[in-house]
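**Student:** So the sequence shown is residues -21 to -1, 1 to 348, counted in mature numbering (1 follows the signal peptide of the UniProt record, and there is no 0).
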Amino acid sequence: MRLDLLLLLGVAQCAIEGVWGMSLWDLGRPHTKEPYDPETTTIPDYVTRYAPLVHLYSEETYWPYGIEDYVPHFTLQDGLHRNVSEGRLRLQDLEHYRRYGLGELFLTAKDDFDNDPAWITGRENVPDIETGRIRGAPATCIVVDKGDGVVDAFWFYFYSFNLGPFVMGGGPYGNHIGDWEHSLVRFIHGEPHVVWMSAHGGGAAYDYAAMEKLSADRRRPVIFSARGTHANYASVGQHSHDLPFYMLSDFTDRGPLWDPTENFLAYMYDGTRIASFQQIRGRSSTRSSGATSTARLVRSKRTSCAQRSANGPSGGTSSRSAASATRSRWARASRPRAADAPSPSTTSSQSSSSTSSDSSPGAAGDASS
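#1: So what's P171 in DSSP terms, helix, strand or just coil?
#2: Classify E65 as buried or exposed, calling it buried when 16 or more other Cβ atoms lie within 10 Å of its own Cβ.
#3: Please state whether DSSP places D95 in a helix, a strand or coil.
#4: Report the residue ranges of all beta strand (DSSP E) runs contained in full by the region 107 to 153; include only those spanning at least 3 residues, in chain order.
#5: Where does D72 fall in DSSP's three states?
#6: Under 7 Å Cβ to Cβ from K89, same chain only, skipping five residues before and after it: list those, please.
#7: Just to confirm, is the Cβ distance from Y25 to I121 under 8 Å?
#8: With DSSP collapsed to three states, give me the class of Y49.
#9: With 16 other CB atoms within 10 Å as the buried threshold, where does D127 fall?
#10: Find the nearest neighbour of residue 350 within the set D238, S255, I113, T251, judged by alpha-carbon distance.
#11: Going by the CB atoms, is the gap between L244 and P117 shorter than 8 Å?
#12: Would you decide whether M147 is buried or exposed? Buried here means 16 or more other CB atoms lie within 10 Å of its CB.
#13: Roughly how far, in whole angstroms, is the beta-carbon of G143 from the beta-carbon of T208, given that I think they are within contact range, below 8 Å?
#14: Quick check on this structure: which residue in E39, I99, L193 has the alpha carbon closest to the alpha carbon of H155?
#15: Return yes when the Cβ of I113 is within less than 8 Å of the Cβ of T242, no when it is not.
#16: Skipping 5 residues on each side, what residues in its chain have a beta carbon closer than 6 Å to that of Y49?
#17: Would you mind sorting G182 into buried or exposed? The rule is 16 or more other CB atoms within 10 Å of its CB.
#18: Can you say whether M226 is buried or exposed, counting buried as having 16 or more other CB atoms within 10 angstroms of its CB?
#19: Would you decide whether A184 is buried or exposed? Buried here means 16 or more other CB atoms lie within 10 Å of its CB.
#20: Does the region 164 to 181 come close enough to the region 59 to 77 that 3 or more CB-CB pairs lie under 8 Å?
#21: What are the boundary residues of the beta strand (DSSP E) that includes Y185?
#22: Quick check: what's the CA-CA separation for T240 versus L32?
#23: Only counting runs of 3 or more residues, tell me where the beta strand (DSSP E) segments fall wholly within the region 198 to 246, in order along the chain.
#24: Excluding the five sequence neighbours on either side, which residues of its own chain have a C-beta within less than 7 Å of the C-beta of N104, listed in chain order?
#25: Residues bridged to I22 by DSSP?
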């Protein structure tokens, strides 16, 4: 199977410095303040304080994977199947082929992935049951200051393979390699207002207050990744899309809980420049766009946007202990339990629109524009 290089870059440019200046995320909203200084700016702490956690499907076959580890399993070929790259291909090498147009260059797998090798299944990347960390699959966080106090925090999740859905017993349809999914939290003056999730049928946005929260840390919304397709939803169960009468559906449940803040690549984008964040011997540093390759970016447990004390953010339980408290109730060898569902009572910070764990939150409109 062949994967168009520019299609991959068009989605994955968030994980590659210097490729097209991150123009995909310049969504047109004018800024009302001076652009930040990439040498002094850090990602706001509230980005990780309210970051979503992801329940992966309990019987998932294709787990998250690291894009940097994914690329070396391919060679670059042109439309005539001639090799263009030499030696071992690396993620940071891809930007050297920007001169090729869409449909002119392809990533071609070196080996037969129909046998489900480890780099396709990501079978070593099941979240740690205590911390929720996936060591081999860092998430990608991109923070975009839209101006006027509006900040969008994108969380991107990469999977090597997408297992397509089944329709009336037939399928799977739509299998493909290289699967980017994402969620977004929109903040207004530091407070979360909207959570948006990529899904079939165009995705959906929800009021932050209506989202299910982690029982041990009511600030952290919980989302659910569908079996095989990895589409993201706000509740467990069957999710019909694109075809009537539930003929085409995604399915979610309370499988292993992934905490992306335990291992992620962090970036901040102001419409012109992108700054990456790296932790060096306990102190944070920033690098402007083009100054360093993704291979040298943060792969540690925490980045500068998540500098916390052992007790977590002021006034709350640390996300590590909170996730551990929830995750310890999940039984790997049996049917997932709903023990981590929110209690009927809500905290003062939640509105009356908050729902129970298995009901669908009310939509709040599109947060992607």
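Note that the Cβ used here is the ideal one computed from N, Cα and C, for glycine as well.
**Tutor:** Working from what's here:
#1: strand
#2: exposed
#3: coil
#4: Taken in chain order, the complete beta strand (DSSP E) segments of 3 or more residues contained in the region 107 to 153 are 118 to 126, 129 to 141.
#5: helix
#6: H52, F53, T54
#7: no
#8: helix
#9: exposed
#10: Coverage of the chain is limited to positions -21 through 348, which leaves residue 350 absent and any answer about it impossible.
#11: yes
#12: Counting the other Cβ atoms within 10 Å of the Cβ of M147 gives fewer than 16, which makes it exposed.
#13: 7 Å
#14: I99
#15: Before going further, note that residue 242 is Asn rather than Thr in the sequence given. For N242 and I113, yes; Cβs fall inside 8 Å.
#16: Short of 6 Å from the beta carbon of Y49, and not among the five residues preceding or following it, lie these beta carbons of its own chain, in chain order: S139.
#17: buried
#18: exposed
#19: Buried, by the Cβ-count rule.
#20: no
#21: Note, Y185: beta strand (DSSP E), 183 to 186.
#22: 8 Å
#23: 216 to 219, 228 to 231
#24: Closer than 7 Å at the Cβ level, and outside the excluded window around N104, lie W42, P43, Y44, I113, G115, A116.
#25: I22 is not bridged to any residue.
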